[in-house]
Every structure is written in C-alpha cells, then in structure tokens.
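Taken in order, the sequence shown gives residues 746 to 859; the numbers are from this note's numbering. Taking it in order: structure first as structure tokens, then the write-up.
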Amino acid sequence: MPKLEPQCCPEPQCSAELPVLDDQHIASLAHLFHLLGDEGRIRLVLACMAGPVAVSELSAVSGMSQSLTSHHLRHLREARILRSERQGKQILYRLDDHHIRHVVHDLACHVNEH
Numbered sequence: 746m747p748k749l750e751p752q753c754c755p756e757p758q759c760s761a762e763l764p765v766l767d768d769q770h771i772a773s774l775a776h777l778f779h780l781l782g783d784e785g786r787i788r789l790v791l792a793c794m795a796g797p798v799a800v801s802e803l804s805a806v807s808g809m810s811q812s813l814t815s816h817h818l819r820h821l822r823e824a825r826i827l828r829s830e831r832q833g834k835q836i837l838y839r840l841d842d843h844h845i846r847h848v849v850h851d852l853a854c855h856v857n858e859h
C-alpha cells in the first residue's frame, strides 16, 4: 500500500458558508471527531485514503488484530466515515465521500505544518 504524503494547500478549497447546526448535528459532529480521535481508527481511515482496502490488509497496517480491526471498522461504517463493499470473499473499505477525504486531508496538513 503506498504511503500518502499530504499535498497541502495554503487556502481552503471550499468557499461555501458554514451551515448552522442544531444541537443534534453538533452532537453528531462531536461523535465524528471522537471516532477520529483514536489512533487505531485514524490509521484505518488513512489507509483507506488511496482506495478500497481489504480487512486483512487494514489489520496489518494498523497493527491490530483482525477482530479489533473489524470492531473499529463497524463504528467507522456506522458513522458514514467509511463504507464497505463485497468483492468475492473479501470486504473492502473506502472513504464514504469527499467530505471525509477533505477533513482528513486538512487535518493531516495541519499536523504536518507544526
């Protein structure tokens, strides 16, 4: 699996105004950040940045058992951070959409700058 180096942009690419969030959406946002706050889960998300990855490979990359990897993947899938697709006997995981890609990319750039 290729190692991804963030290609950081000096300015945000999204010029849309920030949506007004009610309490339920703020709680959902906090939950997303909670899920991304775990080192093991962020390793899984980063591994999926380049495209679909099998559970066995994600387990190897993250250094977690396949059982623990599957547990984390279930939470990431339920939160719509990752999505899964079956290919034959394997289940492959990828980022759910471009919003997640931008958030992870921007945060990686942020920590890479300091």
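All C-beta atoms in this analysis are idealised placements derived from N, C-alpha and C, irrespective of residue type, glycine included.
Residue state for residue 790 is assigned as helix, using DSSP reduced to three classes. The alpha-carbon separation between residue 794 and residue 854 amounts to approximately 14 Å. The closest CA to that of residue 846, considering only 772, 834, 789, is found on 789. Beta-bridge analysis with DSSP links residue 798 to 838. With distances taken between CA atoms, residue 799 lies nearest to 830 out of 767, 769, 830. Shortest Cα-Cα distance from residue 820 to any of 780, 802, 858, 768 involves 780.
Annotation: the continuous alpha helix (DSSP H) that includes residue 819 extends over 811 to 823.
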